[in-house]
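Numbering of the sequence shown is given in the working numbering, commencing with residue 3 and proceeding in unit increments.
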Amino acid sequence: MIQGNSVEDTYTAVSEVVKDLVSKGKFVIILGGSQDLTYANYLGYQKLEQTVNLVSIDNKIDISADEKTHFSCESFLNKIVLHQPNYLFNFSQLGYQGYYAKKSQLKLLEDLYFEYLRLGELQGNISLSEPYLRNADILSVDLKAIRKSEFASANNLGPNGFFANEICQLMNYAGMSDKLSSVGIYEYNSELDSDGLGAELVAQMVFFLIKGYYLRKGDYPSALKSDNIKYVVHHDEIDHNLIFYKSPKSDRWWLEVPYPPRNDFKFERHHLVPCSYEDYQNAMNENIPDIWWKTYRKLN
3 MIQGNSVEDT YTAVSEVVKD LVSKGKFVII LGGSQDLTYA NYLGYQKLEQ
53 TVNLVSIDNK IDISADEKTH FSCESFLNKI VLHQPNYLFN FSQLGYQGYY
103 AKKSQLKLLE DLYFEYLRLG ELQGNISLSE PYLRNADILS VDLKAIRKSE
153 FASANNLGPN GFFANEICQL MNYAGMSDKL SSVGIYEYNS ELDSDGLGAE
203 LVAQMVFFLI KGYYLRKGDY PSALKSDNIK YVVHHDEIDH NLIFYKSPKS
253 DRWWLEVPYP PRNDFKFERH HLVPCSYEDY QNAMNENIPD IWWKTYRKLN
């Protein structure tokens, strides 16, 4: 796509293309540009009046508690969170590095019932990311989430970050999500890629994304509850049973969260939340999963 005469022109063009492709059931991959193009991607869904879950893989949290912060690739989330009408249901941040995160940023995410996982948590167990990626409609990847020794083709890279095999595993998980319909991979700088290895890693990321896409099981339970195994866990602390679904096709788990029975309720597609077997085990031990509480508060 040719860059517009202004940033607004580029946003308009990207959002129109995303809207047209997603409305036709196409899977959209955006390569290049700065990460603020995530906002343009989001606008495409707004034009479709579709509420979305956004996941960002990034070494920093691109949001500010100050509403007057200047819009940039490091504060684009403000534009999405504050946009009216708002079509963002949930946001998850994966791979942020603690020394870059401000307490005010983490508090804001908590206040909005959003989720975040540090780089250290994921590098100890990369599979922790899978339920979050399975819940995404939009995935935004900042290549600065990769450590410089693995990827040198972006500005302002750091010594820590994901390894190449880890970022490819994340892309594979994302591709397998039945909900995911668009992915943006941002901040690649060809002028810093003299040996072509940066472009090669981006190509491998796209390969694993597409590989995951063709491994989709079609087991998202909203329309296929009868095909999944249902588990009901009673809990004395709340008025509702905790209802889990397990797919016999993939062994993946979902958690059902109750919501108000209203005809105009626009968040119905978000009440089945991807979770892990560990969440089910915790529920059996009378520990309510955090994802249940956060989703319940947003739905109710």
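Even glycine gets a Cβ: it sits at the ideal position worked out from N, Cα and C.
Being a predicted model, the structure only gives us computed values, none of them experimental.
- Minimum Cα-Cα distance from Val24 among the listed residues Asp38, Tyr41, Asp11, Gln48 corresponds to Gln48.
- Per the C-alpha coordinates, the member of Asn243, Tyr188, Glu239 positioned closest to Lys232 is Asn243.
- When secondary structure is reduced to three states using DSSP, Pro276 falls in the strand class.
- A distance of 8 Å or more separates the beta carbons of Ser131 and Leu90.
- Residue burial is scored here from C-beta neighbours: Pro250 has fewer than 16 other C-beta atoms within 10 angstroms and is therefore classed as exposed.
- Between the alpha carbons of Glu18 and Gly46 lies a distance of about 6 Å.
- Under the three-state reduction of DSSP, Glu202 is assigned to helix.
- One Cα belongs to Asn302, the other to Lys28, and the distance between them is close to 32 Å.
- Proximity of the region 148-166 to the region 288-299 falls short of the contact definition, fewer than three beta-carbon pairs being nearer than 8 Å.
- Listed in chain order, the non-local C-beta contacts of Pro133 below 6 Å within the same chain comprise Pro276, Cys277, Ser278, local neighbours out to five positions each way being set aside.
- Look at the beta carbons and you see the region 170-190 touching the region 29-42: at least three pairs across the two are nearer than 8 Å.
- In terms of CA proximity to Phe116, Val83 leads the group Val83, Glu123, Gly200, Phe164.
- When the five nearest sequence neighbours on each side are left out, the beta carbons in the same chain lying within less than 7 Å of the beta carbon of Glu288 are those of His237, in order along the chain.
- Within the region 221-253, the complete beta strand (DSSP E) segments at least 3 residues long are 231-235, 244-248, listed from N- to C-terminus.
- For Gly177, there is no enclosing beta strand (DSSP E); the residue is found in the alpha helix (DSSP H) stretching over 166-177.
- Beta-bridge annotation (DSSP): Gln95 is paired with Ser58, Tyr118.
- In the structure shown, Glu258 falls within a strand segment according to DSSP collapsed to helix, strand and coil.
- Taken atom to atom, the span from the alpha-carbon of Val234 to that of Met286 is near 10 Å.
- Residues of the same chain with a CB within less than 8 Å of the CB of Phe210, apart from the 5 flanking positions on each side, are Cys170, Gln171, Met173, Asn174, Gly177 in chain order.
- Around the Cβ of Pro291, a 10 Å sphere holds 16 or more other Cβ atoms; the residue is buried.
- With 16 or more other Cβ atoms inside 10 Å of its own Cβ, Trp256 counts as buried.
- Looking at the backbone, the Cα of Asn61 and that of Gln99 are separated by about 5 Å.
- In the DSSP assignment, Ser142 falls within the beta strand (DSSP E) that extends over 140-144.
- Separation of the CB atoms of Ala147 and Ser179 is rounded to 18 Å, and the pair is thereby denied contact status at 8 Å.
- When secondary structure is reduced to three states using DSSP, Ser184 falls in the strand class.
- CA-CA distance, Phe165 to Gln125, rounds to 9 Å.
- Assigned with DSSP and collapsed to three states, Leu45 falls in helix.
- Counting along the chain, Ile31 sits inside the beta strand (DSSP E) bounded by residues 30-33.
- When secondary structure is reduced to three states using DSSP, Leu108 falls in the helix class.
- DSSP lists Phe164 as the bridge partner or partners of Ile148.
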